[in-house]
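Trainee:
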Amino acid sequence: MNHGTTGARRTYIAVYAALVALTIVTVSVSYVDLGMMNVVVALLIASAKASLVALFFMHLKGENRLVWGFALVPILFLLLIIFGTLVDTQLR
Amino acid sequence: MTGNPETGRGYLAERGWRSWAYTLDHKRIGVMYLLTTIAFFLVGGVFALLLRLELLSPQAKYFSDHTYNVFFTLHGAMMIFLFIIPAIPSGLGNFFIPMHIGARDVAFPRLNLASYWVFVAGFLVVLASLVSPMDTGWTFYTPYSAKTGAAVATLSFGIFLIGMSSILTGLNFIVTIHKLRAPGMSWHRLPLFIWGMYSTSIIQVVATPVVGVTFLLLALERLVGVAFFDPAKGGDPVLFQHFFWFYSHPVVYVMILPAMGIVSEVIPVFSRKPIFGYAAIAYSSLAIAFIGFLVWGHHMFTSAMSPLANAIFSFLTFFVAVPTAVKVFNWIATLYKGSITFESPMLYALTFIFLFIIGGLTGPFLAALSTNVQLHDTYFVVAHFHYTMMGGTVMGFFAGLHYWFPKMTGKMLNEKVARIAWALVFIGFNVTFFTMFIVGTRGMPRRYAEYVPKFHAENVVSTVGSAILALGILVMMWNFVQGLRKGARAPGNPWYALSLEWQSASPPETENFHEVPTVTAWPYGYGTPKGPPA
């Protein structure tokens with residue numbers, strides 16, 4: 682949780698730059714027609730950005746296993762709702 | 002802000018509305034939740050009586066069809082969102098979680114107070130929606146809810162706020178249970194009420210955001226015209242049902258798990274026996290919370306879901322019965338050869354088991370695809386739901402109220418009146434709702450103001466039952482008021498219970514305990530009949 686050290690500041694700036702770069706990639710890719718893959722690419726980039734925010738800005742990187750558990754378990758439920766809904770909408 | 006032990010009024014010593022409105026004491030916040038939710042229980046009950054009044058006759062007589070639709074919508078929405086979801090977790094949970102684990106308060110007292118006032122803001126918005134009251138049913142199904150002239154956006158925003166409050170409370174409890182347990186209070190020494198509340202809190206935190214987002218999507222569709230659910234614009238009305246039930250099915254476990262926790266506390270105390278199968282009951286709560294997330298599709302078997310999805314959801318639904326039955330068998334095994342006494346909390350706890358078995362065993366009929374198609378949207382579903390939620394959760398809630406009334410208020414209830422009220426509630430409930438199983442299997446659909454005359458006799462019986470039930474609840478409320486005004490002074494531990502909340506004064510002082518207790522054993526070591534704990 683060393684908010685102020687030079688090393689931490691450098692990390693934050695690097696993460697910020699990565700987030701800006703990934704945003705530019707998201708916007709650029711939206712102009713290329715990849716069919717269904719457009720959604721997949723957009724979601725992958727968004728997930729990468731969210732992971733960067735959680736790991737560095739929200740300090741998940743240095744947390745203990747309990748906090749990691751609470752961060753990861755909701756993702757399981759997100760996958761559940763996506764899977765359960767797709768089983769219906771894609772196979773009707 | 003400390004309660005003065007000299008007055009004997011404990012945490013209730015301070016007077017004036019400010020001492021309540023700004024309180025950070027989990028007990029006072031719990032009491033405020035209890036009073037608010039019980040008020041909505043009574044209002045929702047009045048709507049139910051109006052519905053039963055209309056159904057006295059096969060032809061619509063007293064109210065227009067629209068008014069009838071409004072009444073069943075408000076009955077459902079109020080009972081679910083304003084009473085049954087918050088009553089046990091936010092009311093009794095707030096009061097007793099810290100006391101059960103030997104803590105002085107919840108982990109975030111200010112967040113706790115905030116969650117209450119967000120809840121108040123939510124119900125004020127819900128009341129504002131009565132200007133143009135909802136007629137969609139409590140389920141808000143699209144496409145009708147996207148088109149009706151009623152105040153759908155307002156009501157759903159009110160419920161969104163109530164959901165926020167629910168998330169904050171759940172989060173607070175999870176952190177409290179992880180971080181504030183007294184020395185020696187290991188996970189396997191936790192009272193089973195806490196296991197139930199912990200499982201509940203996880204559902205509240207994980208599932209509630211989904212319904213919040215769903216209502217935002219619905220509001221966007223109504224207000225801005227973004228088509229999420231309108232098929233004419235490429236939306237999918239069944240998608241709304243997926244989102245809605247992804248929350249609203251697990252939330253029935255938010256309702257029932259805390260009630261199961263109360264029953265697990267009451268039964269050993271009034272059987273004077275250690276709870277049977279502690280670990281099985283504890284872990285079955287977590288199992289129910291998890292499996293509860295896998296079964297939402299069973300509400301949609303007749304909504305033209307894909308056959309594979311139907312089969313998967315049907316198959317998974319049967320699994321919920323397993324951990325539920327584990328609990329019931331363990332409670333019965335606890336009773337076996339116990340020194341059972343039938344004080345009012347025990348009567349309600351036993352009623353819970355009896356009615357919940359009926360409610361539970363009618364579940365598999367609805368889980369099976371073949372019978373579900375026949376029974377869907379009939380009174381069978383209404384009966385099943387009320388046997389689990391009113392026969393289960395509300396009876397558990399009543400058990401908790403009677404069990405903890407001496408601790409919360411420092412006064413004893415009139416036991417004789419409590420038993421009369423229980424008898425009226427038990428008889429009234431069964432007369433009202435068992436009849437609905439019968440008309441349901443014979444094909445009477447729910448949510449209509451009129452019905453074919455062949456169901457007339459059963460509906461008259463059901464309405465008479467609802468009047469008996471209402472009388473029982475009125476007697477119970479009267480008994481609570483009389484207990485508060487004139488009840489005999491309660492000793493610290495009138496039931497000779499072993500759990501930590503009973504080791505404080507009645508009512509407890511603001512900090513709960515003079516010293517944070519050190520826990521050396523689990524709370525179910527009963528051995529001597531009716532004697533003080535060894």
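Chains as they are written, first to last, in the working numbering: chain A, 682 to 773; chain B, 2 to 535.
Where a beta carbon is used, it is the ideal one built from N, C-alpha and C, also for glycine.
Since this is a predicted model, take the numbers as computed values, not measurements.
(1) What residue from B:LEU35, B:ALA471, B:SER272 and B:HIS300 has the CA that sits closest to B:THR379's CA?
(2) Going by the DSSP bridge assignment, what does B:ARG541 pair with across the sheet?
(3) Exposed or buried, what is A:ASP714 when buried is set at 16 or more other beta-carbons lying within 10 Å of its beta-carbon?
(4) Grouping DSSP H, G and I as helix and E and B as strand, with all else coil, what is B:PRO365?
(5) Using 8 Å as the cut-off, can you tell me whether the segment 266 to 283 of chain B makes contact with the segment 232 to 245 of chain B, which would need three or more C-beta pairs spanning the two stretches below that distance?
(6) For the 8 Å Cβ check, are there 3 or more pairs between the segment 141 to 161 of chain B and the segment 195 to 210 of chain B?
(7) If we require 3 or more residues per run, which beta strand (DSSP E) segments fall completely within the segment 338 to 410 of chain B?
(8) For the alpha helix (DSSP H) holding A:LEU759, just list the boundary residues, first then last.
(9) Tell me whether B:PRO259 sits in a helix, a strand or coil according to DSSP, three-state version.
(10) Would you check if the distance between the CB atom of B:GLY360 and the CB atom of B:HIS385 is smaller than 8 Å?
(11) Is it buried or exposed for B:TYR23, if we count other Cβ within 10 angstroms and need 16 for buried?
(12) Of the choices B:ILE257, B:VAL44 and B:MET409, whose alpha-carbon is the least far from that of B:PHE357?
(13) Across which residues does DSSP place B:PRO446 in a beta bridge pair?
(14) What are the residues of the segment 172 to 204 of chain B that lie near chain A, defined by any Cβ-Cβ distance shorter than 9 Å?
(15) Let me confirm a value: B:TRP479 is counted as buried when at least 16 other C-beta atoms fall within 10 Å, else exposed. Which label applies?
(16) Out of curiosity, what's the CA-to-CA distance linking B:TRP21 and B:PRO365?
(17) Contact criterion: CB-CB distance below 8 Å. Does B:VAL211 meet it with respect to chain A?
(18) Which stretch, first to last residue, makes up the alpha helix (DSSP H) that contains B:GLN205?
(19) Hey, would you say B:VAL462 sits closer than 8 Å to B:VAL432, going by beta carbons?
(20) Please tell me whether A:GLY750 has its Cβ less than 8 Å away from any Cβ of chain B.
(21) For a cutoff of 8 Å on Cβ pairs, would you count B:PHE294 as touching chain A?
(22) Are the beta-carbon atoms belonging to B:ASP106 and B:HIS179 less than 8 Å from one another?
(23) Verify the CB distance criterion: does B:LEU309 have a CB-CB separation below 8 Å to chain A?
(24) According to DSSP, is A:ASP714 part of a helix, a strand, or is it coil?
(25) Does the separation of the CB atoms of B:LEU501 and B:GLY103 fall below 8 Å?
(26) May I have the straight-line CA-CA distance separating B:PHE174 from B:ASP66, to the nearest angstrom?
(27) Please list, in chain order, all residues of the same chain as B:MET80 whose beta carbon is under 6 Å from its beta carbon, the five residues on each side excluded.
(28) I'd like to know whether the C-beta of A:ILE762 is nearer than 8 Å to at least one C-beta of chain B.
(29) Considering Cα atoms alone, identify which of B:PRO87, B:ALA129, B:THR137 and B:VAL225 is closest to B:ILE168.
(30) What are the start and end residues of the alpha helix (DSSP H) that includes B:ASN513?
(31) Could you check the C-alpha separation between B:SER116 and B:GLY17 for me, to the nearest Å?
(32) By DSSP, does A:ARG690 sit in helix, in strand, or in coil?
(33) Return the CA-CA distance between B:PRO534 and B:GLY528, expressed in angstroms with no decimal places.
(34) Of all the CB atoms in chain B, is at least one closer than 8 Å to the CB of A:MET718?
(35) Straight-line CA distance for B:TYR34 to B:LEU13?
(36) Report yes or no: is there a C-beta of chain B within less than 8 Å of the C-beta of A:VAL734?
Mentor: Put simply:
(1) Translated into positions along the second sequence, residue 379 of chain B becomes position 378. Here the closest residue by C-alpha is B:HIS300.
(2) No answer is possible for residue 541 of chain B: it lies beyond the span of chain B, which begins at 2 and ends at 535.
(3) Here residue 714 of chain A corresponds to residue number 33 of the first sequence, with the count starting at 1. By the neighbour-count criterion, in which a residue is buried when 16 or more other Cβ atoms sit within 10 angstroms of its Cβ, A:ASP714 is exposed.
(4) Position 364 of the second sequence, counting from 1, holds the residue named residue 365 of chain B. B:PRO365 falls in the helix class under three-state DSSP.
(5) The segment 266 to 283 of chain B is not in contact with the segment 232 to 245 of chain B.
(6) Between the segment 141 to 161 of chain B and the segment 195 to 210 of chain B, the count of C-beta pairs closer than 8 Å stays below three; the two stretches do not touch.
(7) Runs of the beta strand (DSSP E) inside the segment 338 to 410 of chain B: none found.
(8) In the first sequence, counting from the first residue as 1, residue 759 of chain A sits at position 78. Looking at the DSSP string, the run of the alpha helix (DSSP H) that includes A:LEU759 is 746 to 770.
(9) Taking the first residue of the second sequence as position 1, residue 259 of chain B is located at position 258. Helix, per DSSP.
(10) Translated into positions along the second sequence, residue 360 of chain B becomes position 359. Translated into positions along the second sequence, residue 385 of chain B becomes position 384. Yes. Within cutoff.
(11) Counting from one through the second sequence, the residue named residue 23 of chain B turns up at place 22. The residue in question, B:TYR23, is exposed, as its Cβ has fewer than 16 Cβ neighbours within 10 Å.
(12) Taking the first residue of the second sequence as 1, we reach residue 357 of chain B at position 356. Considering only B:ILE257, B:VAL44 and B:MET409, the residue with the shortest C-alpha distance to B:PHE357 is B:ILE257.
(13) The residue you call residue 446 of chain B lines up with position 445 of the second sequence. The partner list for B:PRO446 (beta bridge, DSSP) reads B:THR379.
(14) For the segment 172 to 204 of chain B, which is checked against every Cβ of chain A, the residues closer than 9 Å are ILE175, HIS179 and ILE203.
(15) In the second sequence, counting from the first residue as 1, residue 479 of chain B sits at position 478. Counting the other CB atoms within 10 Å of its CB gives B:TRP479 a total below 16, which places it among the exposed residues.
(16) Start at 1 with the first residue of the second sequence, and residue 21 of chain B comes out as number 20. Start at 1 with the first residue of the second sequence, and residue 365 of chain B comes out as number 364. So the two alpha carbons sit approximately 46 Å from each other.
(17) Here residue 211 of chain B is taken as the residue at index 210 of the second sequence, counted from 1. It does; some Cβ of chain A falls within 8 Å.
(18) As a working note, residue 205 of chain B is residue 204 in the second sequence. Element bounds for B:GLN205: 193 to 224.
(19) Here the question's residue 462 of chain B lines up with position 461 in the second sequence. Here the question's residue 432 of chain B lines up with position 431 in the second sequence. Taking a C-beta distance under 8 Å as the contact criterion, B:VAL462 and B:VAL432 qualify as a contact pair.
(20) Residue numbering aside, residue 750 of chain A sits at position 69 when the first sequence is read from its first letter. With 8 Å as the cut-off, A:GLY750 does not count as an interface residue toward chain B.
(21) Position 293 of the second sequence, counted from the first residue, corresponds to residue 294 of chain B. By the rule that beta-carbons nearer than 8 Å mark a contact, B:PHE294 touches chain A.
(22) The residue given as residue 106 of chain B occupies position 105 in the second sequence. The residue given as residue 179 of chain B occupies position 178 in the second sequence. Here B:ASP106 is not near B:HIS179, since their CB atoms are 8 Å or more apart.
(23) Start at 1 with the first residue of the second sequence, and residue 309 of chain B comes out as number 308. Yes, because at least one Cβ of chain A sits closer than 8 Å to the Cβ of B:LEU309.
(24) Along the first sequence, read from residue 1 onward, the residue named residue 714 of chain A stands at position 33. DSSP, read as helix, strand or coil, puts A:ASP714 in coil.
(25) Taking the second sequence and counting its residues from 1, the one referred to as residue 501 of chain B is at position 500. Taking the second sequence and counting its residues from 1, the one referred to as residue 103 of chain B is at position 102. Taking 8 Å as the cut-off, the beta carbon of B:LEU501 is found closer than this to the beta carbon of B:GLY103.
(26) Locating residue 174 of chain B in the second sequence gives position 173, where the first residue counts as 1. Locating residue 66 of chain B in the second sequence gives position 65, where the first residue counts as 1. Cα-Cα distance, rounded: 43 Å.
(27) Here the question's residue 80 of chain B lines up with position 79 in the second sequence. Within the same chain, B:MET80 has close Cβ partners GLY45.
(28) Indexing the first sequence from 1 puts residue 762 of chain A at position 81. Using a Cβ-Cβ cut-off of 8 Å, A:ILE762 counts as an interface residue toward chain B, since at least one Cβ of chain B sits closer than that to its own.
(29) For this step, residue 168 of chain B is matched to residue 167 along the second sequence. Of B:PRO87, B:ALA129, B:THR137 and B:VAL225, the residue nearest in Cα terms is B:PRO87.
(30) Counted from its first residue, the second sequence places residue 513 of chain B at position 512. The continuous stretches of alpha helix (DSSP H) do not include B:ASN513, and DSSP gives it neither H nor E.
(31) As a first step, residue 116 of chain B is located in the second sequence; it is residue number 115 there, counting from the start. As a first step, residue 17 of chain B is located in the second sequence; it is residue number 16 there, counting from the start. Cα to Cα, B:SER116 sits roughly 21 Å from B:GLY17.
(32) Against the first sequence, residue 690 of chain A aligns to sequence position 9. Looking at A:ARG690 - three-state DSSP - the assignment turns out to be helix.
(33) Sequence index remark: in the second sequence, residue 534 of chain B carries index 533 (1-based). Sequence index remark: in the second sequence, residue 528 of chain B carries index 527 (1-based). Note that B:PRO534 has pLDDT 46, beneath the 50 cutoff, so the model's placement of it is unreliable and the number below is only indicative. Roughly 8 Å separates the two Cα atoms.
(34) In the first sequence, residue 718 of chain A corresponds to position 37, counting from 1. No, A:MET718 does not count as interfacial toward chain B.
(35) Here residue 34 of chain B corresponds to residue number 33 of the second sequence, with the count starting at 1. Here residue 13 of chain B corresponds to residue number 12 of the second sequence, with the count starting at 1. Between B:TYR34 and B:LEU13, the alpha-carbon positions lie close to 15 Å from each other.
(36) Here residue 734 of chain A is taken as the residue at index 53 of the first sequence, counted from 1. Taking Cβ atoms only, chain B never reaches closer than 8 Å to A:VAL734, which makes this a no.
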